[in-house]
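Position one of the sequence shown corresponds to residue 14 (the numbering used here), numbered consecutively onward.
The C-beta atom is built at its ideal place from N, Cα and C for all residues, glycine as well.
All values derive from a computational prediction rather than experimental measurement.
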Amino acid sequence: MDLTVTAQWILLGDVNGINGITSLDALIALQASSGKITLSAIQTLAADVNRNGAVSPIDALMILQYASGKVTTFN
Numbered sequence: 014m015d016l017t018v019t020a021q022w023i024l025l026g027d028v029n030g031i032n033g034i035t036s037l038d039a040l041i042a043l044q045a046s047s048g049k050i051t052l053s054a055i056q057t058l059a060a061d062v063n064r065n066g067a068v069s070p071i072d073a074l075m076i077l078q079y080a081s082g083k084v085t086t087f088n
């Protein structure tokens, strides 16, 4: 029996998957938290940086703090 497994990795905070973690990722997370846009499952995993199961304005703030260099981890 052959088995094929495909894995996809995500960078926590890199919501759009482009150029690492930037302020644009924070904006996308904020728009998603307000219901303005809908994220894919992968984007939701990347945006939920506080790992509470939902994308909120707190996640957007944490992403922005990381992108601006104010923090170096998502704790």
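Ignore the nearest five residues each way along the sequence and tell me which others in residue i's own chain have a CB closer than 7 Å to its CB.
i      : result
Asp-61 : Ala-67, Val-68, Asp-72
Ile-23 : Ile-55, Leu-58, Ala-59
Where do the ends of the alpha helix (DSSP H) carrying residue i lie?
i      : result
Asp-97 : Lying before the first or after the last residue shown, residue 97 is absent from the chain, which here runs from 14 to 88.
Ala-59 : 54 to 60
Ile-41 : 36 to 46
Measuring alpha carbon to alpha carbon, tell me which residue in the options is nearest residue i.
i      : options                        : result
Ala-20 : Phe-87, Ile-55, Leu-74, Met-75 : Ile-55
Met-75 : Val-18, Met-14, Asp-15, Gly-26 : Gly-26
Leu-7  : Lys-83, Pro-70, Phe-87, Thr-86 : Absent from the model: residue 7. The displayed extent of the chain is 14 to 88, so no value can be given.
Gly-33 : Tyr-79, Asn-88, Lys-83         : Tyr-79
Spatial neighbours of residue i within its chain, please: CB distance less than 8 Å, with the 5 preceding and 5 following residues excluded, ordered by chain position.
i      : result
Gln-44 : Ile-50
Are the CB atoms of residue i and residue j nearer to each other than 9 Å?
i      : j      : result
Ser-53 : Ser-81 : no
Asn-65 : Phe-87 : no
Thr-28 : Asp-38 : This sequence places Val at residue 28; Thr is not what is there. Contact: yes.
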